[in-house]
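Engineer: Numbering-wise, the sequence shown is residues 0 to 107 according to numbering that gives the first Met the number 0.
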Amino acid sequence: MLTYGGNLQVRPTADSHFEIAGHIMRLANKNDHWYGANQAVFKNTPTGNKEKSLGGEIDIVYTLFFQNNKVGWQFGYGHFFDGDYLKKNSGGLSSDQNWGYTQLWINF
């Protein structure tokens with residue numbers, strides 16, 4: 000599996016951070032599998048597969064810092080665009096995915 004990506008980071012103020020990242024995910028070849036973060040096979044590729052594009056992802060993250068950067072509050076959003084591999088090998092269950100999160104952290 001191959002992943003290509005890039006990001007843009009800016010600091011609108013001394014106490015904030017904004018990032019946009021994009022990724023394109025593909026199989027290394029038409030017989031490759033889709034792997035998870037733990038490097039285990041996430042989805043086996045069916046025999047006769049002709050597609051390599053898993054899809055693309057866009058992530059947007061905003062972080063606001065407090066207390067001299069000792070505390071951070073982060074908001075994130077991501078969207079995954081299904082590629083041809085998922086559209087043709089998921090039994091009609093393929094659809095784009097959206098997710099979001101927020102987190103608070105404290106640095107000691």
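Yeah, the Cβ is synthetic: ideal placement off N, Cα and C, and Gly gets one too.
#1: Determine the extent of the alpha helix (DSSP H) in which leucine 85 is found, giving its start and end residues.
#2: Report, in whole angstroms, the separation of the C-beta atoms of isoleucine 59 and glycine 75, which I expect to be a contact under 8 Å.
#3: Take isoleucine 23 and list the residues in its own chain whose beta-carbon comes closer than 6 Å to its own, dropping the five residues that flank it on each side.
#4: Closer than 6 Å by C-beta to asparagine 48: which residues in its own chain qualify, once you throw out the five before and the five after it? Chain order, please.
#5: Can you grab the Cα-Cα spacing for the pair serine 93 / leucine 85, in whole Å?
#6: So within the region 39–81, which uninterrupted beta strand (DSSP E) runs reach at least 3 residues, ignoring any that extend past its ends?
#7: Starting from phenylalanine 107, trace the beta strand (DSSP E) both ways and give me its first and last residue.
Structural biologist: On the basis of the supplied data:
#1: 83–88
#2: 7 Å
#3: Tyr3 and Gly55
#4: Lys29
#5: 6 Å
#6: 40–42, 52–65 and 70–81
#7: No beta strand (DSSP E) holds phenylalanine 107; DSSP gives it neither H nor E.
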